[in-house]
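In terms of the working numbering, the sequence shown is residues 1 to 208. Think of the CB as a built atom: it goes at the ideal place given N, C-alpha and C, for glycine as much as any other residue. In what follows, a single structure is set out as structure tokens and then discussed.
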Amino acid sequence: MSSEPAPPIRVAVLISGAGSNMAALIDAAQTPGGGPESGSENSYEVALVLSNMEDAGGLAIAAAKGVETAVVPHRPFGNDREAHEKAVDAALRRAGVHVVALAGYMRVLTPWLVGGWRDRMLNIHPSLLPLYPGLHTHARAIAAGDAQAGCTVHLVTEGVDEGPILGQARVPIVPGDTPASLAERVKTAEHGLYPRVLDDFCKGLAPR
Ligand code: GRF
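The structure is reproduced here in structure tokens:
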């Protein structure tokens, strides 16, 4: 008796800018048999790329890869973060996604959105959390004299960059590194880490 493979989990990726992590997530999902364990099928598909910024470079990249895109600008909502999130949430529900991956989404989330997607929302952060939550992570790692830097994929909770860690990748900090040179090395590591962790995460989800 042959058992049908489980259909891929529908994932939305939220971006505000260049979207290089988003592109890596799509590429991994669209490569036949190119799941992180070579030869395995990917457990997720990117069903929607959503941005709060109309001019996010990643939108055109996603569209070129054949992925549906949406823009929900935050500016019309002024200081009402929750009202903006309700519009975002409505777009996510319309697209029928089960998991949300933040990838350079430059909005601090309220407990309302975090609570609605608890244990189904991931983020990537360019440091070895719990070191250096927040901004300017590479400059801070260099200034501290660290030998290594890296990136972390974690579940999103109410505290910024605080949720349970799902995976990390490390890179060396080398003499002469600048925040820009280190950011480039970490970015390359991010592009390997995020698809792998998201794939593992979706494989571990209970059947829906
Ligand atoms: C990445 O460094 C990610 O870790 C951070 O924002 C950056 C987004 O870059 N959260 P990109 O848009 O994926 O190129």
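DSSP three-state label for residue i, please.
i      : result
Asn21  : helix
Glu45  : strand
Ile26  : helix
Arg170 : strand
Thr137 : helix
Ends of the beta strand (DSSP E) at residue i?
i      : result
Tyr194 : Tyr194 -> not in any beta strand (DSSP E); alpha helix (DSSP H) instead, spanning Pro179 to Lys203.
His210 : With the chain covering only 1 through 208, there is no way to say anything about residue 210.
Arg93  : Where Arg93 is concerned, there is no enclosing beta strand (DSSP E), although the alpha helix (DSSP H) it sits in stretches over Arg81 to Arg94.
Ile15  : Ile9 to Ile15
Ala212 : This structure gives no information on residue 212, because the portion of the chain shown stretches from 1 to 208.
Thr69  : Thr69 to Val71
Tell me the residue span of the alpha helix (DSSP H) that contains residue i.
i      : result
Gly61  : It should be noted that the sequence gives Ile, not Gly, for residue 61. Segment Gly57 to Ala64, the alpha helix (DSSP H) holding Ile61.
Val114 : Pro111 to Gly116
Alpha carbon to alpha carbon, how far is residue j from residue i? Give it in angstroms, no decimals.
i      : j      : result
Ala101 : Ile124 : 8 Å
Gly145 : Asn79  : 39 Å
Pro217 : Thr188 : Limits of the chain in this structure are 1 at one end and 208 at the other, which puts residue 217 out of reach.
Thr157 : Ser181 : 30 Å
Leu198 : Gly150 : 17 Å
Ala139 : Ala169 : 18 Å
Ile173 : Ala90  : 42 Å
Gly159 : Pro126 : 16 Å
Glu82  : Pro175 : 44 Å
Pro32  : Ala143 : 43 Å
Arg10  : Glu68  : 12 Å
Leu135 : Glu4   : 44 Å
Arg196 : Ser20  : 15 Å
Ala63  : Asp177 : 35 Å
Ala87  : Val72  : 7 Å
Leu48  : Pro179 : 31 Å
Leu113 : Tyr44  : 22 Å
Val153 : Phe201 : 11 Å
Val97  : Gly204 : 16 Å
Asn52  : Glu41  : 31 Å
His74  : Ala60  : 19 Å
Val46  : Gly66  : 10 Å
Ser16  : Leu109 : 14 Å
Val186 : Leu122 : 18 Å
His191 : Leu25  : 8 Å
The ligand FAD heavy atoms versus the CB of residue i: any closer than 7 Å?
i      : result
Cys202 : What this structure holds is the ligand GRF, not the ligand FAD.
Q: Mind listing, in chain order, the continuous beta strand (DSSP E) runs of no fewer than 3 residues lying wholly within the region 141-167?
A: Counting whole runs of 3 or more residues, the region 141-167 contains the beta strand (DSSP E) stretches 148-155.
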